[in-house]
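Peer 1: Structure in structure tokens, see below.
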Amino acid sequence: MTETATAAVPDTTVTVQSITPVLTFSDRTEEAINLYVSLFPNSRIVNIVRSDGGLIPAGKVMSATFELDGRPYNAFDGGPTFGFSEGFSIMVTCSNQDQIDLLWDRLTENGGEPGRCGWLKDPFGLSWQIIPAELGEMLGNPAGGNTQKAGQAMMSMNKLDIAALRAAYNTSS
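Numbering (the working numbering) for the sequence shown: 60 to 232.
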């Protein structure tokens, strides 16, 4: 069942069926989405359409629809003029360190790059933020702990370490 959303915009009303992120890879779309759906529960490849030639070379992915944790995405091979930047990332909120470690390791292996403060680039150039669920509390609730120390600890890390973040947050001024 498709839900319809309506938003008020000055002088008009816009009605849409859905809003879906589209990831344009330079190449290796199918390899990327196979990795992504293998990492997250409730994920699957819905369909892949390959090009017969033309703007997108024959055999390349012209359109792929997939779901990550039930959320729809589309993707395709756009060629060498396309690439990703840190201006777009996928944020994954994890409930424990084992989840952070697993995702970090899988997304940085085979050419991925660790970044700062829980950010990384996967082997396909897509940026991800792998964060603990309690990070918002540690950075945004000064009544519960030392948010400044938690922020400083986060800024010193690549992969986020929940125990170290908690220790910093629980440090008195």
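Backbone N, C-alpha and C define an ideal beta-carbon position, used for all residues, glycine too.
What you are looking at is a predicted structure, and each value in this text was computed from that prediction instead of being measured.
Can you tell me the Cα-Cα spacing of Leu137 and Leu94, whole angstroms?
Peer 2: The sequence position of residue 137 within the sequence shown is 78, counting from 1. The sequence position of residue 94 within the sequence shown is 35, counting from 1. Sequence inspection shows Gly at residue 137; the Leu mentioned does not correspond to that position. Looking at the two C-alpha atoms, the distance is approximately 19 angstroms.
Peer 1: Using a Cβ-Cβ cut-off of 6 angstroms (strictly less than) and excluding sequence neighbours within five positions of Pro131, which residues of its own chain qualify?
Peer 2: Against the sequence shown, residue 131 aligns to sequence position 72. Closer than 6 angstroms at the Cβ level, and outside the excluded window around Pro131, lie Thr79.
Peer 1: Should the region 105-125 be called in touch with the region 211-221, which here means at least 3 C-beta pairs below 8 angstroms?
Peer 2: No, the region 105-125 is not in contact with the region 211-221.
Peer 1: For the region 150-162 against the region 176-194, are there 3 or more C-beta pairs whose distance is under 8 angstroms?
Peer 2: Contact between the region 150-162 and the region 176-194 is present, because at least three Cβ pairs lie under 8 angstroms.
Peer 1: Could you pull the start and end residues of the alpha helix (DSSP H) that Gln211 belongs to?
Peer 2: As a first step, residue 211 is located in the sequence shown; it is residue number 152 there, counting from the start. Start and end: Thr206 to Met214.
Peer 1: Given a cut-off of 8 angstroms, decide if Arg87 and Phe183 are closer than it, judged by their beta-carbon atoms.
Peer 2: Here residue 183 is taken as the residue at index 124 of the sequence shown, counted from 1. Here residue 87 is taken as the residue at index 28 of the sequence shown, counted from 1. Yes, Cβ-Cβ distance for Phe183 and Arg87 is below 8 angstroms.
Peer 1: Run the CB neighbour count on Asp128, radius 10 Å, all protein chains shown included, and call it buried at 16 or more, exposed below.
Peer 2: One-based indexing of the sequence shown puts residue 128 at position 69. Looking at its Cβ environment, which holds fewer than 16 other Cβ atoms inside 10 Å, Asp128 is exposed.
Peer 1: Can you give me the start and stop residues for the alpha helix (DSSP H) that Glu89 sits inside?
Peer 2: Counting from one through the sequence shown, the residue named residue 89 turns up at place 30. Run containing Glu89: Thr88 to Leu98, per the alpha helix (DSSP H) assignment.
Peer 1: Determine the burial state of Met150: buried for a count of at least 16 other Cβ atoms within 10 Å of its Cβ, exposed for fewer.
Peer 2: For the purposes of this step, residue 150 is identified with residue 91 of the sequence shown, where counting begins at 1. Burial call: exposed.
Peer 1: Leaving out five residues before and five after Asn133 in sequence, what residues of the same chain have Cβ atoms less than 6 angstroms from its Cβ?
Peer 2: In the sequence shown, residue 133 corresponds to position 74, counting from 1. Contacts found: Thr79, Val81 and Thr124.
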